[in-house]
Every structure is written in C-alpha cells, then in structure tokens.
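Chemist: Just dropping this structure here.
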Amino acid sequence: MKVSLEFKLIFCLFSILILTGFQQISDDNTYVNDLKTWHQKRIESLKAENGWLNLAGLFWLEVGKNSFGADPKNNVVFPAGKSVPLLGYFTLKNGEVWVDIEPSAKVSVNKAPVTSLKIFPADHNIVLESGTLRWFVIKRGTKFGIRLRDLESSELQHFAGVKTYSIDPKWRIEAKLEPATTDKKIAITDVTGQTSLQTSPGTLVFSIDGKEHRLDAVESEEQLFILFADQTSGKETYGAGRFLYAEKPNERGTTILDFNKSINPPCAFTTFATCPLPPKQNRLSIAVTAGEKNYGNH
18 MKVSLEFKLI FCLFSILILT GFQQISDDNT YVNDLKTWHQ KRIESLKAEN GWLNLAGLFW
78 LEVGKNSFGA DPKNNVVFPA GKSVPLLGYF TLKNGEVWVD IEPSAKVSVN KAPVTSLKIF
138 PADHNIVLES GTLRWFVIKR GTKFGIRLRD LESSELQHFA GVKTYSIDPK WRIEAKLEPA
198 TTDKKIAITD VTGQTSLQTS PGTLVFSIDG KEHRLDAVES EEQLFILFAD QTSGKETYGA
258 GRFLYAEKPN ERGTTILDFN KSINPPCAFT TFATCPLPPK QNRLSIAVTA GEKNYGNH
C-alpha cells in the first residue's frame, strides 16, 4: 500500500507535537519536584536552631546595667522555669555590650563557661547558652537588643508546616532590570518604625497577562531581594507582604522572578522579629496567587 507524501508529513508533524508535549510534561514535572524540594528545605530552615520558630523574646537594652533572668523584677525577663532568677547583667555603654554572669549561674559560649565578656561588637556573632535558652545581641538603627531563643519553644513543637498555593509555572517570569542611573537608595521601614536607606541596583520590569509591572530590588549578598505586597496581602497571604529572592541579572540584563518561591517574612512566625516592610512602590495591583500563604496570627 502506497502512503501519500501528505500523510507522511501529517504523521511527522503529529509525532513532533506528541514528543514536544511529552517534553513539556517532563519539564513541568521536574520543575514541580524541584520546587517541592526547595520548599522542604525552607521548612527545615525555619525549624533549625538558627530558624525563626524558636524565638522566645526580644528585649531592648537601656544604657547602663540591665539585669536578666527568670525573676520578673529583672530588666530583661526570661521565660519562667527556663533559667535561674538572676543570670547576670548586660551593660550597654558607648555602643558596646558586656555581660557579667552571677557566680551561681551556669552560662557558656561554645560549651566554655562565661563569667565576664564583651559580646558586642565582636568578630563573630556570640551566642550565650543556658539550658535550652540561647541569646545574642542585635542592633537595629540606634537600638541594641537581646534576641532570645528557646530550643524547646511551643511554637516549634506545634509547627505543622506552611500552606502554599499550588505550584504554577506561569508565575515563573522573566524580568528585565532597569538599572539605576545614580547611586539609588530606597527607604525601607521596619516594624519597629525605624527607616534605613538600602542600596538598590534598579527596578525589575516584567509583564503578567500583558500588563507591565515594576518592583524595586535591593542587594542581598549575591542575590536580589524584593519586598512586595499584592492583592492577596492581608487576605490569603501575610498582611505586611512577602519576600522574594532572585539571581542577579545575566549579561542581557534579565533574571527570573519565581513567585512560587514567595515566602513569609519572619514576623509571620514570631512577634520577636524586626521585619522590613515593602516600600509603597512595591505594592502590586494584582493578586499573586503563588508561594506561601499566611501563617498563624502574628
């Protein structure tokens, strides 16, 4: 039986379409599996010792001597039953923080007992330990605070994961960086009300459903960091917006914004974080139904 040239062409075209479809399915499955692996690592980072779920306190120091321990009369009050009544004193003076430990208290750094030590500033982050508690100094603007962790915190023990939207490749979008023509600074305000100027390499320009959108980025080590809010904020997602990281632009000036990797800021998980808020120009007019949904009631 003779097969017409037309039939052969149709068959070849059909075969190509089938193979292309299979390739697309395979690519989509790989993408979804990669996203699931990425999100699992994200969950593990939240639960880690340096994650956000075990925060148990944030205490702003006064200039001078600050007593700390479980006694409610202290300047810095640690959780009841987690330490002795008086562990010692923090002293804040001239931008330095020292700690002096009571002789009867057991406090260590890297398993080595501590009696008196300058803990800020230091060449590295000094973490003090007592039982399940860990604490260290943070600086926000002109304020100095003690951030406390409890490795057996109730938030950590009752954590059951973070809900997300279904993974959708349509939210993996190419964006063009519109470089800043000058030394561009963006005013970023955090939840404590303090504002700092952050260096911005420029504005990321992208399209969704044929409409152009713009987001200012700031620098974060070897990545771009984007604070954004959208029409899901305060409804299905965290009210103060979400975070998104992206690779720095390639030689063509483009990068990928994968909104499936949009994550909650630390303040969604704890009241003891000092999260930055999206600048007003980073409030999108659309609903970004991708990435993490709201968590808890913080």
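Residue numbers in the sequence shown follow my numbering, run continuously in steps of one, and reach 315 at the last position. Idealized CB from N, CA, C, for every residue including glycine.
With a threshold of 8 Å, are at least 3 pairs of Cβ atoms found where one atom belongs to the stretch 71-88 and the other to the stretch 278-298?
Modeler: As far as the Cβ criterion goes, the stretch 71-88 touches the stretch 278-298, which means the pair count is three or higher.
Chemist: For residue 243, collect the residues of the same chain with a Cβ closer than 6 Å to its Cβ; drop the 5 residues on either side in sequence, then sort them by chain order.
Modeler: Along the sequence shown, read from residue 1 onward, the residue named residue 243 stands at position 226. Only 232, 234 and 261 meet the Cβ criterion.
Chemist: Can you have a look at residue 111 and say buried or exposed, based on whether 16 or more other CB atoms are within 10 angstroms of its CB?
Modeler: Numbered from 1 along the sequence shown, position 94 holds the residue referred to as residue 111. Residue 111 is exposed by the Cβ-count criterion.
Chemist: Which residues in the same chain have their Cβ closer than 8 Å to the Cβ of residue 299, if we skip the five residues on either side of it in sequence?
Modeler: As a position in the sequence shown, residue 299 is number 282, starting the count at 1. Excluding residues within five positions, the ones whose Cβ falls inside 8 Å are 232, 233, 243, 244, 245, 246 and 258.
Chemist: With 16 as the cutoff for other CB atoms within 10 Å, does residue 39 come out buried or exposed?
Modeler: Here residue 39 refers to the residue found at position 22 of the sequence shown. The predicted model places residue 39 with a pLDDT of 42, which falls under 50 and marks its position as unreliable; any figure quoted below should be read in that light. Its Cβ having fewer than 16 others within 10 Å, residue 39 is exposed.
Chemist: Taking Cβ to Cβ, would you say residue 194 is nearer than 7 Å to residue 266?
Modeler: Residue numbering aside, residue 194 sits at position 177 when the sequence shown is read from its first letter. Residue numbering aside, residue 266 sits at position 249 when the sequence shown is read from its first letter. A contact, by the Cβ cut-off of 7 Å.
Chemist: Between which two residues does the beta strand (DSSP E) containing residue 174 stretch?
Modeler: Walking along the sequence shown from the start, residue 174 turns up at place 157. That residue, residue 174, is in no beta strand (DSSP E); its alpha helix (DSSP H) goes 171-174.
Chemist: Going by C-alpha distance, which of 49, 253 and 227 is nearest residue 314?
Modeler: For the purposes of this step, residue 314 is identified with residue 297 of the sequence shown, where counting begins at 1. Taking only the C-alpha atoms, the option nearest residue 314 is 253.
Chemist: Here's a check: name, in chain order, each residue in its chain whose Cβ is nearer than 7 Å to the Cβ of residue 49, leaving out the five neighbours to either side.
Modeler: Numbered from its first residue, the sequence shown carries residue 49 at position 32. Answer for residue 49: 184, listed in chain order.
Chemist: According to DSSP, is residue 77 part of a helix, a strand, or is it coil?
Modeler: Reading the sequence shown from its first residue, position 60 is the one you call residue 77. Strand.
Chemist: Looking only at DSSP bridge pairs, what is residue 91 linked to?
Modeler: Locating residue 91 in the sequence shown gives position 74, counting from the first residue. In DSSP, residue 91 forms no bridge with anything.
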